[in-house]
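Asks: Chains as they are written, first to last, in our numbering: chain Z, 10 to 267; chain D, 5 to 371.
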Amino acid sequence: MALLEIKNLHARVNDREILKGIDLSVNSGEVHAIMGPNGSGKSTLAQVLAGRELYQVTGGEVLYNGKDLLEMAPEDRAREGIFLAFQYPVEIPGVSNMYFLKAALNTIRKNQGLAELDAMDFLSLVREKMARMKMDQTLLNRPVNTGFSGGEKKRNEIFQMAVLEPRLAILDETDSGLDIDALKLVASGVNSMRGPERAMIVVTHYQRLLNEIVPDFVHVLAEGRIVKSGGKELALELEQGGYASLGVYDEAEAVGKA
Amino acid sequence: MTSAVSEQIWVQALREAALERFQQLGFPTTHEEEWRFTNVAPIAKFFKMGQALPPASSIPDAARAHLAQHAQFNLNPFAALNTAYFRDITFHQVLRGAVLEDPIHITYQAQLNQTQHPRTLILVGPNAQCAIVESYLGPGQHFTNAVTEIVVGEGAVVDHYKVQRESLEAFHVHTLHATLGRSANFSSHSISLGGALVRNDANVTLSEGAEATLNGLYIAAGRQHVDNHTQIDHARPHGTSHELYKGILDGHATAVFNGRIIVRKDAQKTDSKQTNKNLVLSGDAVINTKPELQILADDVRCTHGATIGQLDSEAMFYLQSRGIGAREARDLLTYAFAQDILDRIKVSGLRRELETELFRKFHERVE
Numbered sequence: 010m011a012l013l014e015i016k017n018l019h020a021r022v023n024d025r026e027i028l029k030g031i032d033l034s035v036n037s038g039e040v041h042a043i044m045g046p047n048g049s050g051k052s053t054l055a056q057v058l059a060g061r062e063l064y065q066v067t068g069g070e071v072l073y074n075g076k077d078l079l080e081m082a083p084e085d086r087a088r089e090g091i092f093l094a095f096q097y098p099v100e101i102p103g104v105s106n107m108y109f110l111k112a113a114l115n116t117i118r119k120n121q122g123l124a125e126l127d128a129m130d131f132l133s134l135v136r137e138k139m140a141r142m143k144m145d146q147t148l149l150n151r152p153v154n155t156g157f158s159g160g161e162k163k164r165n166e167i168f169q170m171a172v173l174e175p176r177l178a179i180l181d182e183t184d185s186g187l188d189i190d191a192l193k194l195v196a197s198g199v200n201s202m203r204g205p206e207r208a209m210i211v212v213t214h215y216q217r218l219l220n221e222i223v224p225d226f227v228h229v230l231a232e233g234r235i236v237k238s239g240g241k242e243l244a245l246e247l248e249q250g251g252y253a254s255l256g257v258y259d260e261a262e263a264v265g266k267a
Numbered sequence: 005m006t007s008a009v010s011e012q013i014w015v016q017a018l019r020e021a022a023l024e025r026f027q028q029l030g031f032p033t034t035h036e037e038e039w040r041f042t043n044v045a046p047i048a049k050f051f052k053m054g055q056a057l058p059p060a061s062s063i064p065d066a067a068r069a070h071l072a073q074h075a076q077f078n079l080n081p082f083a084a085l086n087t088a089y090f091r092d093i094t095f096h097q098v099l100r101g102a103v104l105e106d107p108i109h110i111t112y113q114a115q116l117n118q119t120q121h122p123r124t125l126i127l128v129g130p131n132a133q134c135a136i137v138e139s140y141l142g143p144g145q146h147f148t149n150a151v152t153e154i155v156v157g158e159g160a161v162v163d164h165y166k167v168q169r170e171s172l173e174a175f176h177v178h179t180l181h182a183t184l185g186r187s188a189n190f191s192s193h194s195i196s197l198g199g200a201l202v203r204n205d206a207n208v209t210l211s212e213g214a215e216a217t218l219n220g221l222y223i224a225a226g227r228q229h230v231d232n233h234t235q236i237d238h239a240r241p242h243g244t245s246h247e248l249y250k251g252i253l254d255g256h257a258t259a260v261f262n263g264r265i266i267v268r269k270d271a272q273k274t275d276s277k278q279t280n281k282n283l284v285l286s287g288d289a290v291i292n293t294k295p296e297l298q299i300l301a302d303d304v305r306c307t308h309g310a311t312i313g314q315l316d317s318e319a320m321f322y323l324q325s326r327g328i329g330a331r332e333a334r335d336l337l338t339y340a341f342a343q344d345i346l347d348r349i350k351v352s353g354l355r356r357e358l359e360t361e362l363f364r365k366f367h368e369r370v371e
């Protein structure tokens, strides 16, 4: 049984249909890349899987670990092991990063029947993981993402992922706004978490992230549908020929050509 | 005539004048602009008129020149009532140049079913420094009608806190008036948590080069009503004022924020900023917010802004996407909204106490 099974998924925001029938199957241990031009629906798919209410699912189904994912609240999805690394991590003034992450980790541990970590155990756990992401420990005492640089926010997402150890990680444009050094750091953080028990969906516009996080499968999304699937070589094809080589355009360009 | 007798006559005359003024003014009605959104009829009903004036209190000589000179009762019926009926005054004098290490703590504990008129006068000498914490507590139904006068001498630095934690059935009216000398620095933080019907007036008058900060946090739920009126009077040039009031409203709570800023004709180079932010958690809560700028000078900088909003849905989703339940996420964000007022509290014991209390309060609210 696949860890994630998406069947004919349709979703809209306001009156605009964005996902127009997505089919995708992801097994544990696999890394799937979802590529596509701007406006193709990549981020919508990521947010729908994490349970953002802004998007209304109008058709299809999603099974996660055999359960109906679309019936679950966002926090229940997280407790069952789904993690979304946000394209734009949200600043939350007044809530410390430490309090936030400890609350998140303990909720998830509780759901797994594990004992909650006390402050000392939590600190020793996060220190090691912060060091790996080359993050300054003072970030723990700062409010969530508040005053973080773009790169710090993205590293913070991957750091959270390392602490929460999800079964299915969805990385939404994790490469955007990162210079090459930061990109390599983030990618090595992600790669260190690859394993047979974990699946990843890497959403990206550009191929460069996939040089660092090499996917097992690549899917090209256009106008709300997957128009082509293949192995990692598909990403290289796109790198050389661009989306146009597949007859796929940015939404704005597509309008121009119509 | 002995000084005790002369004092008695003086206080008696003050009380009689105040009572007479109150009788002329009466309890305010909602036809008056200052009281448009706050109906004090329940207080008028609770209050027993016709009581004898209390015996003369012992007023220290140093207090005599200032008592009732700052919080004037001409236009304020509650200040008039307090002046007629207060029993004792809480009086502190901080001498010229003195720096108090520990805050002056003043606690007023109201009695059930009673009316009390707490009266505070604090004189801070030139270049002195101190912090003042006023706490108001009290069980069940009662009426607290407090007046606080603070005189901040030239170059003095005063950090004032007023924490109101009376019962949810209490009537609470508080009038603060601070008069600032040249280059004085005064900040006041008003934390309003309890009370069924609450009205706070915080008034500051600035001399040349003085700086005033007024911060406030009001949290109301159920059928609580909280009205904050502030008045910052830039009477002389080169004054600076900052004001940040934040409110959290749930249930059927109603709140009022009215921020008046006066810049007198010769108060050139005044720099004033006022902000009022409200977090409204229920569709039935109501906030009336109004800036009121009276600017008579032409070379000044005055800004004001008010916001009324709900919890940020993106922040909610972010917390939930990490496994934090919707209720806890709501608590956390509500607490976070209050946090920047708490962060401004410099008396660390008080800050920690309020942090713990608010954290618990928001948590229990949703249980």
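For every residue, glycine included, the Cβ atom is placed at its ideal position computed from N, Cα and C.
If you're wondering where the values come from, they're calculated on a predicted model, not measured in any experiment.
1) Flag this pair as touching only if the segment 132 to 139 of chain Z and the segment 84 to 100 of chain Z have three or more C-beta atom pairs under 8 angstroms; answer yes or no.
2) At which residues does the alpha helix (DSSP H) containing residue 168 of chain Z begin and terminate?
3) So for residue 141 of chain D, helix, strand or coil by DSSP?
4) Here's a check: name, in chain order, each residue in its chain whose Cβ is nearer than 8 angstroms to the Cβ of residue 131 of chain D, leaving out the five neighbours to either side.
5) Along the chain, where does the beta strand (DSSP E) containing residue 81 of chain D start, and where does it finish?
6) Work out the CA separation of residue 105 of chain Z and residue 283 of chain D for me, nearest whole Å.
7) Tell whether a beta-carbon distance below 8 angstroms holds between residue 274 of chain Z and residue 11 of chain Z.
8) In terms of residue numbering, what span does the beta strand (DSSP E) encompassing residue 44 of chain Z cover?
9) Would you call the segment 322 to 332 of chain D in contact with the segment 270 to 290 of chain D, where contact means no fewer than 3 C-beta pairs closer than 8 angstroms?
10) Taking just the CA atoms, how far does residue 184 of chain Z sit from residue 161 of chain Z?
11) Pull up the DSSP beta-bridge partners for residue 263 of chain D, would you.
12) I need the straight-line Cα distance from residue 216 of chain Z to residue 151 of chain Z, nearest angstrom please.
13) Identify the contact partners of residue 8 of chain Z in chain D, using a Cβ-Cβ distance below 9 angstroms as the criterion.
14) Indicate the three-state DSSP secondary structure (helix, strand or coil) for residue 126 of chain Z in the structure shown.
15) Within a Cβ cutoff of 8 angstroms, which residues of the same chain sit near residue 365 of chain D, ignoring the five residues on either side of it in sequence?
16) Contact criterion: CB-CB distance below 8 angstroms. Does residue 104 of chain Z meet it with respect to chain D?
17) Indicate whether residue 219 of chain D and residue 150 of chain D have their beta-carbon atoms separated by less than 8 angstroms.
18) Give, in chain order, every unbroken run of the alpha helix (DSSP H) that is at least 4 residues long and sits entirely within the segment 182 to 250 of chain Z.
19) If we call anything under 8 angstroms between Cβ atoms a contact, is residue 71 of chain D one with residue 114 of chain D?
20) My understanding is that residue 210 of chain D touches residue 184 of chain D, with C-beta atoms under 8 angstroms, so please give their C-beta distance in whole angstroms.
21) Can you give the Cα-Cα distance for residue 296 of chain D and residue 179 of chain D, rounded to whole angstroms?
22) In the segment 38 to 85 of chain D, which residue ranges form an unbroken alpha helix (DSSP H) of at least 4 residues, counting only runs that do not cross its ends?
23) Using the beta-carbon of each residue, which ones in chain D are nearer than 9 angstroms to residue 206 of chain Z?
24) Residue 165 of chain D versus chain Z: which residues are under 9 angstroms apart at the beta carbon?
25) Alpha carbon to alpha carbon, how far is residue 147 of chain D from residue 50 of chain D? Give it in angstroms, no decimals.
26) In angstroms, rounded to a whole number, what distance separates the CA positions of residue 233 of chain Z and residue 190 of chain Z?
27) Are the beta-carbon atoms of residue 20 of chain Z and residue 53 of chain Z separated by less than 8 angstroms?
28) Check whether the Cβ of residue 344 of chain D lies closer than 8 angstroms to any Cβ atom in chain Z.
29) Going by DSSP, what residue range makes up the beta strand (DSSP E) through residue 72 of chain Z?
30) Looking at C-alpha atoms only, which residue of Z/131, Z/199, Z/133, Z/174 is the closest neighbour of residue 163 of chain Z?
31) Can you pull the chain Z residues whose beta carbon is under 7 angstroms from the beta carbon of residue 318 of chain D, in chain order?
Replies: A quick look at the data gives this:
1) no
2) 159 to 173
3) strand
4) 100, 101, 157, 158, 159, 160
5) First-last for residue 81 of chain D: 81 to 89, but that is the alpha helix (DSSP H), not the beta strand (DSSP E).
6) 20 angstroms
7) Outside the displayed range of chain Z (10 to 267) lies residue 274 of chain Z, so it cannot be described from this structure.
8) 40 to 44
9) no
10) 12 angstroms
11) D/234, D/295
12) 33 angstroms
13) In the structure as shown, chain Z starts at 10 and stops at 267, and residue 8 of chain Z therefore has no counterpart that could be examined.
14) coil
15) 197, 223
16) yes
17) no
18) 189 to 200, 217 to 221, 242 to 250
19) no
20) 5 angstroms
21) 19 angstroms
22) 45 to 50, 65 to 68
23) The contacting residues do not exist; residue 206 of chain Z stays about 18 angstroms from chain D at best.
24) By Cβ distance, chain Z contributes nothing, its closest Cβ being about 20 angstroms from residue 165 of chain D, past 9 angstroms.
25) 8 angstroms
26) 33 angstroms
27) yes
28) yes
29) 65 to 73
30) Z/199
31) 99
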